[in-house]
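With full-length UniProt numbering as the guide, the letters of the sequence shown map in order to residues 1 to 120.
Cβ atoms here follow ideal geometry from the backbone N, Cα and C, with glycine treated the same way.
Below is one structure, written out as structure tokens; the observations come after it.
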Amino acid sequence: MGKRILIVDDAAFMRMMIKDILTKNGYEVVGEAENGQVAVEKYQELKPDLVTMDITMPEMDGITAVKAIKAIDPNARIIMCSAMGQQSMVIDAIQAGARDFIVKPFQPERVLEAVSKAID
Numbered sequence: 001m002g003k004r005i006l007i008v009d010d011a012a013f014m015r016m017m018i019k020d021i022l023t024k025n026g027y028e029v030v031g032e033a034e035n036g037q038v039a040v041e042k043y044q045e046l047k048p049d050l051v052t053m054d055i056t057m058p059e060m061d062g063i064t065a066v067k068a069i070k071a072i073d074p075n076a077r078i079i080m081c082s083a084m085g086q087q088s089m090v091i092d093a094i095q096a097g098a099r100d101f102i103v104k105p106f107q108p109e110r111v112l113e114a115v116s117k118a119i120d
């Protein structure tokens, strides 16, 4: 059975790109969220094996969402997705409990490497 993943990004195009990479490689995308608030709700509802989390989003950013999800489930596995030049935010996210980060534009090999390291 494929590992279940929740994709969080405010850009539908980015969610579609990640979903495409993951589903082609045997992962099951169980949900998508366009901001941190929705991500926290979907995490509670879907209980995914892994979350890919954008950093910069409206409503609630990725770092706040990581903290909220980790408060609900200390064992949550989360990978941050960041644009170039967001190193300080990535460090904040890792300190908040994220396992790894991938940089946009996404390279499929790097996405898969981060995902398999985080959940296998």
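State the DSSP-derived secondary structure class of T56, mapped to helix, strand or coil.
-> Looking at T56 - three-state DSSP - the assignment turns out to be coil, as it is neither helix nor strand.
Sort out for me which residues DSSP pairs E28 with in a bridge.
-> Looking at the DSSP assignment, E28 forms a beta bridge with R4.
Thinking C-beta only, is T23 closer than 7 Å to V30?
-> Result no, Cβ atoms of V30 and T23 do not sit closer than 7 Å.
Rounded Cβ spacing between I5 and P48 (contact assumed at less than 8 Å) = Confirmed, about 6 Å.
Helix, strand or coil: how does DSSP classify A93 here?
-> Under the three-state reduction of DSSP output, A93 falls in the helix class.
Looking at the structure shown, is M80 part of a helix, part of a strand, or coil, going by DSSP?
-> DSSP places M80 in the strand class (E or B) of the three-state scheme.
Rounded to whole angstroms, how far is the Cβ of V111 from the Cβ of I21, which I believe are closer than 8 Å?
-> That pair is a contact at about 5 Å.
Contact under 7 Å by Cβ, I79 with V66 = Contact: no.
Considering only the beta carbon of each residue, do A98 and L50 sit closer than 7 Å?
-> Contact flag unset, no.
Assuming residue 122 and F106 form a contact by the criterion Cβ under 8 Å, report the distance between their Cβ atoms to the nearest whole angstrom.
-> This structure leaves residue 122 out entirely; the chain is present only between 1 and 120.
Alpha-carbon spacing of A83 relative to V103, whole angstroms | Rounded to whole angstroms, A83 to V103 spans 6 Å at the Cα level.
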